[in-house]
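Peer 1: Shown below is the structure under consideration.
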């Protein structure tokens with residue numbers, strides 16, 4: 009079996025979707041350069057060369073390519089844990105192969121290959137079997153699946169693995185694929201930026217989020233989650249996502265013409281403007297644990313269904329008398345639902361209520377999503393509809409002039425630019441969905457089709473649609489019999505809190521004892537092992553409790569700085585152990601404090617089930 013047969017066989021078995029796209033597109037491939045060449049090297053191996061404008065660019069050493077790859081890999085630090093490795097350029101796989109030899113079994117590697125024609129050449133001429141079948145590797149190739157690269161990074165890059173991230177570049181790729189290289193760097197930067205935003209958000213909202221989850225548990229009985237509504241949306245019905253940007257004032261009244269012919273989903277911030285204009289909307293989206301209560305004070309909101317995450321502000325959900333539909337769950341309720349065979353689909357909220365609304369419509373299966381009020385830019389000094397000016401901390405930082413939806417430049421700021429990038433990544437990752445920007449002002453969202461709302465309503469809103477009727481036909485997620493068992497699981501949280509407090513106290517003592525032993529040096533190995541055994545047992549019991557998911561979220565703000573250090577190791581074994589134990593001690597202490605703070609609220613919440 010030659011290289012082409014072997015590599016393609018591996019792709020077909022291990023990466024079937026990539027293989028299918030490869031077969032589908034390779035007949036249409038266009039040469040990217042003069043030629044690709046496979047050259048024998050001095051040590052009997054093979055090197056890849058690319059001929060561009062008559063000049064030969066060597067992608068590997070023509071003397072000792074394996075030795076070159078080893079030397080290249082020496083520049084990176086592999087002793088850390090939970091490493092995310094990002095590589096620009098696959099080539100013939102020799103550099104990737106050297107990385108894989110040094111990475112742990114649980115590492116993740118993201119490879120961006122910007123040249124489809126080169127990918128085809130390499131899998132047909134080089135032995136790439138090992139790197140292609142390695143399950144740690146995710147490969148993204150131009151014209152096949154590169155549109156999914158940014159989204160995959162965003163889902164995997166977390167603030168805890170940022171310090172141990174390895175960013176690597178195949179030699180010469182940055183010179184031959186300059187524009188693609190810029191896109192690659194932008195995708196990495198956006199993923200890292202979003203991870204930092206999520207870190208700050210988690211730390212800031214952790215206490216409110218967990219408190220809301222506990223208070224919202226009693227809503228599970230009569231609620232739904234997104235999969236209950238999938239496949240219930242008729243073909244040809246568009247979704248209109250209403251945000252509260254300044255341009256909403258231009259076309260808010262036109263929404264009356266879309267009533268009953270589109271699914272109109274309002275962000276919580278936009279609701280008061282819609283009600284002021286008597287503009288229709290079918291449902292509300294809310295997700296912030298600390299959202300200002302002023303947005304949903306109007307009594308008319310009480311009868312409108314709410315799409316929400318489980319940690320959304322309890323005050324909003326208590327006032328609302330309509331159906332609650334969960335589009336995302338935090339770890340505790342996600343595990344609870346999973347135990348009863350209900351799996352939440354992958355969901356990216358994007359960090360704002362508008363991006364969350366977009367993801368909700370995508371998850372429901374809408375093939376046309378229309379954005380209005382999605383300015384992501386200032387209108388003069390106005391930030392919101394109704395002439396409102398709302399300023400944020402460090403507002404001047406990261407201000408930038410960007411392309412406007414109506415031509416020319418408009419002024420945006422750093423948080424809006426993050427959401428703009430998110431929309432553009434989502435559009436690339438969801439080619440089956442047509443995204444129409446009918447905002448009629450603000451920043452241009454690349455990949456969207458710019459139209460007026462009047463034109464969209466006239467040409468796209470032709471089919472009758474009654475979302476209230478869809479909900480009426482859809483019962484709650486859990487039957488009465490199932491909910492009895494779900495309730496039993498939730499009631500067990502109180503006993504778990506008692507158990508967890510005892511175990512955290514036990515673990516804290518063992519951790520302190522072990523640190524004293526290590527600092528003394530030359531102490532009994534038997535005593536150290538006894539402490540370690542206690543800590544392992546304690547951690548094993550803690551991790552098995554469903555309540556730990558709630559506590560882990562709650563203590564995020566208390567332990568963020570220490571936990572971020574946990575993947576960074578030095579060459580001093582004792583120092584590494586002391587650092588790890590110090591982090592464990594901080595977590596045990598935070599857990600004890602969290603249980604003491606939350607127990608009264610838990611009892612109150614469970615009484616409402």
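In our numbering, the protein residues as written are 9 to 617.
Note that the Cβ used here is the ideal one computed from N, Cα and C, for glycine as well.
Predicted model, so just to flag it, every value in this text is computed and none were measured.
(1) Can you list, in chain order, the residues of its chain whose CB lies under 7 Å from that of residue 25, leaving out five sequence neighbours each side?
(2) For residue 43, which beta-bridge partners are listed by DSSP?
(3) Taking buried to mean at least 16 other C-beta atoms within 10 Å of its own C-beta, is residue 43 buried or exposed?
(4) How is residue 421 classed by DSSP in three states: helix, strand or coil?
(5) Taking the straight line between their C-alpha atoms, what separation do you get for residue 467 and residue 246?
(6) DSSP on residue 275, reduced to helix/strand/coil?
(7) From the DSSP output, in three-state form, read off residue 291 for me.
(8) Whole angstroms are fine: how far does the CA of residue 179 sit from the CA of residue 257?
(9) Counting Cβ pairs, one atom from each stretch, are 3 or more of them under 8 Å apart for the region 13-21 and the region 119-136?
(10) Rounded to whole angstroms, what's the CA-CA distance from residue 295 to residue 532? Just pull it up for me.
(11) Between the region 447-455 and the region 367-386, can you find at least three pairs of beta-carbon atoms closer than 8 Å?
(12) For residue 498, count neighbouring C-beta atoms within 10 Å of its own C-beta (all shown protein chains included) and say buried if the count is 16 or more, exposed if not.
(13) What is the rounded straight-line gap between the Cα of residue 238 and the Cα of residue 170?
(14) Considering only C-alpha positions, which residue in the set 551, 521, 547 and 38 is nearest to residue 538?
(15) To the nearest angstrom, how far is the alpha carbon of residue 420 from that of residue 203?
(16) Looking at the secondary structure, which residues open and close the alpha helix (DSSP H) in which residue 93 lies?
(17) In its own chain, which residues sit with a C-beta less than 7 Å from the C-beta of residue 214, not counting the 5 before and 5 after it?
(18) Helix, strand or coil: which one does DSSP assign to residue 575?
(19) Rounded C-beta distance between residue 185 and residue 236? I'm assuming under 8 Å.
(20) So the beta strand (DSSP E) residue 75 belongs to, where does it begin and stop?
(21) Once DSSP output is grouped into helix, strand and coil, what is the label at residue 50?
(22) Just list the beta strand (DSSP E) runs in the region 208-266, keeping only unbroken ones of 3 residues or longer that don't cross its boundaries, in chain order.
(23) With DSSP collapsed to three states, give me the class of residue 120.
(24) Classify residue 69 as buried or exposed, calling it buried when 16 or more other Cβ atoms lie within 10 Å of its own Cβ.
(25) Skipping 5 residues on each side, what residues in its chain have a beta carbon closer than 7 Å to that of residue 78?
(26) Taking DSSP as the reference, what is the three-state secondary structure of residue 3?
(27) Please report the straight-line C-alpha distance between residue 194 and residue 149, rounded to a whole angstrom.
(28) Starting from residue 2, follow its DSSP beta bridges and name the residues at the other end.
(29) Which residues mark the beginning and the end of the beta strand (DSSP E) in which residue 442 is found?
(30) Under 8 Å, Cβ to Cβ, is there at least one residue of chain C near residue 228?
(31) Just to confirm my understanding: we take residue 140, look at its own chain, exclude 5 residues before and 5 after, and list those with CB closer than 8 Å. What are they?
(32) DSSP three-state call for residue 400: helix, strand or coil?
(33) Tell me whether residue 67 is buried or exposed, calling it buried when 16 or more other Cβ atoms sit within 10 Å of its Cβ.
(34) Strictly by DSSP, which residues pair up with residue 146?
(35) Identify which residue in 601, 92 and 157 has its Cα closest to the Cα of residue 172.
(36) Alpha carbon to alpha carbon, how far is residue 117 from residue 575? Give it in angstroms, no decimals.
Peer 2: In short:
(1) Setting aside the 5 residues that flank it on each side, residue 25 has no residue in the same chain whose C-beta is closer than 7 Å to its C-beta.
(2) Per DSSP, 59.
(3) So residue 43 ends up on the exposed side.
(4) Correct three-state label for residue 421: coil.
(5) In this structure, the straight-line span from the alpha carbon of residue 467 to that of residue 246 is close to 11 Å.
(6) If DSSP states are grouped into helix, strand and coil, residue 275 belongs with the strands.
(7) Residue 291: strand per DSSP, three-state reduction.
(8) Rounded to the nearest angstrom, the gap between the Cα atoms of residue 257 and residue 179 is 52 Å.
(9) Verdict: yes, contact present.
(10) Straight-line Cα distance between these residues: approximately 53 Å.
(11) Touching, yes, given that three or more Cβ pairs across the two stretches are closer than 8 Å.
(12) Around the beta carbon of residue 498, a 10 Å sphere encloses 16 or more other beta carbons of the protein chains shown; the residue is thus reported as buried.
(13) Distance between the alpha carbons of residue 238 and residue 170: 35 Å.
(14) It is 521 whose Cα lies nearest to the Cα of residue 538.
(15) Straight-line Cα distance between these residues: approximately 21 Å.
(16) That residue, residue 93, is in no alpha helix (DSSP H); its beta strand (DSSP E) goes 92-96.
(17) These residues qualify, in order along the chain: 561, 562, 564 and 565.
(18) Because the pLDDT of residue 575 is 48, which lies under 50, any placement of that residue in the model is unreliable, and the number read from its coordinates should be weighed accordingly. Residue state, collapsed to three classes: coil.
(19) About 45 Å; that fails the 8 Å criterion.
(20) Boundaries around residue 75 are those of the alpha helix (DSSP H), 73-81, since no beta strand (DSSP E) includes it.
(21) Looking at residue 50 - three-state DSSP - the assignment turns out to be coil, as it is neither helix nor strand.
(22) Secondary structure within the region 208-266: the beta strand (DSSP E) runs of 3 or more consecutive residues, fully enclosed, are 247-250 (chain order).
(23) In this structure, residue 120 counts as strand in the three-state DSSP scheme.
(24) Flag for residue 69 reads buried.
(25) Contacts found: 106.
(26) Only positions 9 to 617 of the chain appear in this structure, which leaves residue 3 out of reach.
(27) Put simply, the backbone Cα of residue 194 is about 17 Å away from that of residue 149.
(28) Because the chain in this structure spans residues 9 to 617, residue 2 falls outside the shown range and cannot be described.
(29) Secondary structure note for residue 442: its beta strand (DSSP E) is the uninterrupted segment 442-445.
(30) Among the chains of the structure shown, chain C does not appear; only one protein chain is present.
(31) Spatial neighbours of residue 140 in its own chain (CB-CB distance under 8 Å, excluding positions within 5 residues in sequence) are listed in chain order as 15, 18, 19, 22, 23, 101, 131 and 147.
(32) Note: residue 400 maps to coil in three-state DSSP.
(33) Buried, by the Cβ-count rule.
(34) Looking at the DSSP output, residue 146 bridges to 118.
(35) Nearest C-alpha to residue 172: 92.
(36) Confidence at residue 575 is low in this model, with a pLDDT of 48, below 50, so its placement is unreliable and no value can be given for it.
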